[in-house]
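K.L.:
Dropping a structure here in structure tokens format, bear with me for questions.
Residue numbers (the numbering used here): 20 to 544.
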């Protein structure tokens with residue numbers, strides 16, 4: 020198994036050897052000439068791509084030139100008709116197919132730089148990093164220099180600091196972050212400094228930049244601050260933050276007697292036996308586990324509480340922040356799953372529970388008294404299975420679907436959106452993709468890992484190589500890039516040949532790149 024993954028990583032780092040010079044576009048039927056290729060360049064397949072935004076073509080090309088005769092090796096980045104370089108090397112790059120915005124870091128003349136949409140920040144003595152939101156409408160660059168950490172944002176330079184937590188960016192263009200100097204902690208919230216404190220953590224800001232929250236303390240007294248107003252002192256503070264999209268906040272704390280409380284948008288819940296346990300995500304609070312009496316636990320949300328239970332075992336929350344699924348032990352000792360306040364049948368040995376993006380659907384599995392495995396998906400029971408490899412429900416807003424991966428008669432099978440498929444040699448379920456219409460594609464390999472396949476909506480297609488490195492599906496169109504001797508694209512079941520890569524699909528068509536002879540082409544279909 021280890022050999023397989025090492026081989027795959029080595030293949031993924033392989034490049035296509037050519038040289039590039041910008042050339043005038045030359046259109047043929049469904050093919051556009053992008054570049055004339057010369058001997059000596061190495062095109063970075065993993066980063067090179069083309070997108071169309073508002074009918075306009077956007078090219079992002081990364082390549083290097085190795086001049087062995089002169090002992091030089093330089094890297095270049097081409098964005099549309101603008102060529103950047105030569106650099107000693109480029110790294111940490113990204114190109115947005117939806118907006119055409121981009122960034123890349125590079126090293127030249129003994130210094131590092133960061134290029135964001137053509138604006139260069141630097142020089143840096145250390146390697147720069149970037150955080151961005153909303154397709155680079157707001158971003159911050161940060162780097163460690165000789166005298167400490169610095170952050171560049173909105174044309175301003177902040178620092179130095181001994182350390183800092185990652186910047187929090189808001190849609191209104193503001194930035195906040197916490198940092199340390201001289202053994203004290205501070206918060207810079209939209210340009211206003213709070214501190215010094217002995218400790219400070221859990222800084223969060225709403226998406227629109229209007230609300231903020233952090234927890235802090237001095238000595239034995241602890242507090243939390245919401246929109247500039249401090250609450251406390253308390254014996255301890257625990258979890259807390261703003262709800263980034265819907266607004267409001269949550270905070271847990273204990274009093275001097277050790278009793279726990281949770282503040283939900285100004286409503287104090289408690290006292291409890293101990294400090295509540297909160298499940299929260301980037302978007303904010305989802306649910307809390309509270310112990311109202313010894314051995315009596317409840318699930319608390321902004322809408323109310325469910326319980327009592329003997330214990331709350333584990334759980335998960337929806338990425339949207341609007342739903343949850345929790346495994347509980349009932350007061351009669353039996354296990355159950357509570358999904359958005361509704362109690363569902365349990366399994367003797369519950370092992371995992373998950374839900375989809377908005378929390379409206381749930382999947383959970385475990386083993387029964389017969390030592391067989393069972394799975395519940397939205398109330399439907401699947402099994403028994405000899406052995407479970409796993410099951411999951413997609414948590415991505417744009418990748419909807421679910422699967423069960425299991426062993427039967429020594430062979431691997433899957434249930435995908437309710438349909439049993441297989442057997443497989445080695446199913447790469449972590450690489451499964453779903454289309455908006457309910458279709459799917461699942462890459463897999465033969466038992467000995469020497470031959471690759473892809474199953475699309477129940478139909479199997481052989482691949483030119485053993486390993487797939489990119490999959491995409493949109494409506495009835497699908498594409499997968501495999502590695503054989505070269506990168507090869509399989510498009511809707513057809514092998515497009517050697518040196519074909521970088522597909523981009525819509526429900527009506529799409530495009531991909533190819534190298535033919537000495538020419539780089541854009542192919543549309």
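Glycine included, every Cβ here is placed at the ideal spot set by N, Cα and C. These numbers come from a predicted model, not from an experiment.
For the beta strand (DSSP E) that contains residue 71, what are its first and last residues?
P.N.:
Residues 68-72.
K.L.:
Residue 44 to residue 514, Cα distance in whole Å?
P.N.:
Caution applies to residue 44, whose pLDDT of 39 falls short of 50 and renders its modelled position unreliable; the value that the coordinates give is listed next. Approximately 26 Å, taken between the alpha carbons.
K.L.:
With a CB to CB cut of under 6 Å and the five nearest residues on each side skipped, what residues in its chain are close to residue 199?
P.N.:
Hits under 6 Å: 181 and 182.
K.L.:
Could you pull out every unbroken beta strand (DSSP E) segment of at least 3 residues lying fully inside the stretch 138-214, listed in chain order?
P.N.:
You should have 138-143, 148-152, 157-164, 167-172, 175-180, 194-200 and 203-208.
K.L.:
Count the C-beta pairs between the stretch 51-68 and the stretch 527-537 that are closer than 8 Å, then say yes if the count reaches three, no if not.
P.N.:
As far as the Cβ criterion goes, the stretch 51-68 touches the stretch 527-537, which means the pair count is three or higher.
K.L.:
Output the distance between the C-alpha atoms of residue 100 and residue 375, rounded to the nearest integer angstrom.
P.N.:
Rounded to whole angstroms, residue 100 to residue 375 spans 42 Å at the Cα level.
K.L.:
Please name the residue, chosen from 292, 504 and 495, that lies closest to residue 529 on a Cα-to-Cα basis.
P.N.:
Closest option to residue 529, Cα to Cα, is 495.
K.L.:
Grab me the residues of residue 169's own chain with a C-beta within less than 7 Å of its C-beta, minus the 5 sequence neighbours each way, in chain order.
P.N.:
So the list reads 161, 162, 176, 177, 178 and 179, once near-sequence residues are dropped.
K.L.:
When the distance is taken between beta carbons, is residue 152 closer than 7 Å to residue 188?
P.N.:
Closer than 7 Å, so yes.
K.L.:
If we call anything under 7 Å between Cβ atoms a contact, is residue 84 one with residue 66?
P.N.:
No.
K.L.:
Excluding sequence positions up to five away, which residues of its chain have a Cβ less than 7 Å from the Cβ of residue 191?
P.N.:
Cβ neighbours of residue 191 beyond the five flanking positions: 227 and 228.
K.L.:
Helix, strand or coil: how does DSSP classify residue 450 here?
P.N.:
Helix, per DSSP.
K.L.:
When you compare the CB positions of residue 256 and residue 272, do they come within less than 7 Å of one another, or not?
P.N.:
Cβ atoms of residue 256 and residue 272: closer than 7 Å.
K.L.:
By the three-class DSSP mapping on this structure, what secondary structure does residue 460 have?
P.N.:
Strand at residue 460.
K.L.:
Output the boundary residues of the beta strand (DSSP E) element that contains residue 62.
P.N.:
Residues 50-62.
K.L.:
Do you know offhand how far residue 353's Cα is from residue 157's?
P.N.:
Rounded to the nearest angstrom, the two C-alpha atoms are 50 Å apart.
K.L.:
What are the boundary residues of the beta strand (DSSP E) that residue 77 is part of?
P.N.:
Per DSSP, residue 77 belongs to the beta strand (DSSP E) from 75-86.
K.L.:
By the 10 Å Cβ neighbour count, where 16 or more other Cβ atoms means buried, how is residue 312 classified, buried or exposed?
P.N.:
When all chains shown are included, residue 312 counts as exposed.
K.L.:
Check residue 282 in the structure and name its three-state DSSP category.
P.N.:
Strand.
K.L.:
Assign residue 402 to buried or exposed, taking buried as 16 or more other Cβ atoms, counted over all protein chains shown, within 10 Å of its Cβ.
P.N.:
Classification of residue 402: buried, given that the 10 Å Cβ count is 16 or more.
K.L.:
Where does residue 276 sit, in a helix, a strand or coil, going by DSSP?
P.N.:
Coil.
K.L.:
Who are the Cβ neighbours of residue 434 in its own chain at under 7 Å, not counting the five residues just before and after it?
P.N.:
The answer, listed in chain order, is 401, 422 and 423.
K.L.:
Which residues in the same chain as residue 324 place their Cβ atom closer than 8 Å to its Cβ, once the five residues preceding and following it in sequence are excluded?
P.N.:
Hits under 8 Å: 309, 317 and 318.
K.L.:
Identify every run of the beta strand (DSSP E) within the stretch 340-407, keeping only runs that are complete inside it and at least 3 residues long; order them along the chain.
P.N.:
Whole beta strand (DSSP E) segments, 3+ residues: 343-348, 354-358, 361-364, 368-374, 381-386, 392-396 and 399-404.
K.L.:
From residue 472 to residue 49, what does the alpha carbon distance come to, in whole angstroms?
P.N.:
Looking at the two C-alpha atoms, the distance is approximately 28 Å.
K.L.:
Could you tell me which residues DSSP puts in a beta bridge with residue 241?
P.N.:
In the DSSP output, where bridge partners are listed per residue, residue 241 has 236 and 253.
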